[in-house]
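To start, the structure itself, in structure tokens.
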Amino acid sequence: MEVLKLLKVKKSFGGVRALDNISIALSEGEVVMVIGPNGAGKTTLINVISGYLYPDEGRIMYMGEDITRYPPLERVGKGIVRSFQLVNTFDKLTVYENILVSVLSRKKYQYAFRKILDEYTDALEETENILKLFGLSDEADENIMSISYGDRKLVDVAISFALNPKLIMLDEPTSGVATKDKDNIMEKILDVIRKTKVTSIIIEHDMDIVFRYGVRIIVMHQGRIIADGEVEEIRKNEEIKKVLLGGVYA
Numbered sequence: 014m015e016v017l018k019l020l021k022v023k024k025s026f027g028g029v030r031a032l033d034n035i036s037i038a039l040s041e042g043e044v045v046m047v048i049g050p051n052g053a054g055k056t057t058l059i060n061v062i063s064g065y066l067y068p069d070e071g072r073i074m075y076m077g078e079d080i081t082r083y084p085p086l087e088r089v090g091k092g093i094v095r096s097f098q099l100v101n102t103f104d105k106l107t108v109y110e111n112i113l114v115s116v117l118s119r120k121k122y123q124y125a126f127r128k129i130l131d132e133y134t135d136a137l138e139e140t141e142n143i144l145k146l147f148g149l150s151d152e153a154d155e156n157i158m159s160i161s162y163g164d165r166k167l168v169d170v171a172i173s174f175a176l177n178p179k180l181i182m183l184d185e186p187t188s189g190v191a192t193k194d195k196d197n198i199m200e201k202i203l204d205v206i207r208k209t210k211v212t213s214i215i216i217e218h219d220m221d222i223v224f225r226y227g228v229r230i231i232v233m234h235q236g237r238i239i240a241d242g243e244v245e246e247i248r249k250n251e252e253i254k255k256v257l258l259g260g261v262y263a
């Protein structure tokens with residue numbers, strides 16, 4: 014089943030074409046990594062899909078529906094969720110409370126904190142399940158600022174998953190994470206994606222991570238898609254080595 018389809022999407026900022034005639038399609042459960050140098054258009058692509066920006070031309074189809082002009086909150090309600098490159102958490106809350114807030118928001122329990130939270134057993138159980146899914150149960154009662162940056166990244170992604178996505182977009186989930194922790198973070202994220210079968214777009218700069226965990230890779234450069242294929246196909250592409258990777262990957 015086709016979840017997302019972009020048809021000749023264009024977006025410019027002044028004289029700069031950030032997205033130049035982008036056409037891609039993602040099937041249900043597919044995981045795509047998007048790579049490219051700074052300014053390639055990767056984050057603009059996510060902004061357009063999530064509704065933070067509207068394209069100048071082209072269409073965005075989601076589950077067969079044209080969502081090109083839908084605002085971000087309407088897209089979230091339909092299951093289109095994203096995380097940002099910088100961690101976005103409630104710094105005075107615990108790990109558990111950060112995820113619980115996301116669950117309560119999705120369930121539209123706007124006045125939950127004016128009542129006894131124990132009444133919201135469905136939200137409490139779901140929060141516990143998400144903590145287990147991401148391996149964060151042992152840190153549930155820790156203040157978010159007291160845990161490692163890598164685990165804060167995981168909590169940030171878990172908050173996005175608490176919105177029950179059908180399509181999730183992660184903007185550099187290992188950015189700022191210590192090299193020794195990157196594999197653990199990516200393995201946990203991909204394990205959750207596989208278990209939940211959520212269609213995923215992951216922007217990543219670390220080429221070791223990309224080639225270790227990627228299946229389908231889209232390469233962007235100057236607002237265009239210059240390659241879209243499997244890992245070995247991308248790894249062996251001499252033009253990509255020269256233009257994007259500096260020729261260091263064999």
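Take 14 as the starting number for the sequence shown in our numbering and just add one per residue. C-beta: ideal position from N, C-alpha, C; glycine also.
- Residue state for Gly242 is assigned as strand, using DSSP reduced to three classes.
- One thing to note: Asp241 has its Cβ within 8 Å of the Cβ of Ile231.
- Per DSSP, reduced to three states, the secondary structure at Thr57 is helical.
- The Cβ-Cβ distance between Leu180 and Thr209 does not fall below 8 Å.
- When the five nearest sequence neighbours on each side are left out, the beta carbons in the same chain lying within less than 7 Å of the beta carbon of Lys166 are those of Val100, Pro186, Val190 and Ile198, in order along the chain.
- Taking the Cα of Asn156 as reference, the smallest distance to any Cα among Pro84, Leu117, Lys145 and Asp104 is reached at Asp104.
- When the Cα atoms are used, Met158 and Pro178 turn out to be separated by approximately 26 Å.
- Where Glu70 is concerned, the enclosing beta strand (DSSP E) starts and stops at Glu70 to Tyr75.
- Straight across, the Cα-Cα distance linking Asp219 with Ile80 is about 31 Å.
- In the DSSP annotation of this structure, the continuous segment of the beta strand (DSSP E) that includes Met233 starts and ends at Arg229 to His234.
- For Ala171, the three-state secondary structure derived from DSSP is helix.
- Residues Pro85, Arg88, Ile93, Arg95 and Met182 of the same chain have their beta carbon placed closer than 7 Å to that of Ser63, with the five preceding and five following residues left out of the count.
- Shown here for Lys21: same chain residues with a beta carbon closer than 6 Å to its own, the five before and five after excluded, namely Asn34, Ser36 and Gly71 in chain order.
- In chain order, Tyr67 place their CB closer than 8 Å to the CB of Arg82, counting only its own chain and leaving out the 5 sequence neighbours on each side.
- In the three-state reduction of the DSSP assignment, Phe147 falls in the coil class, being assigned neither a helical nor a strand state.
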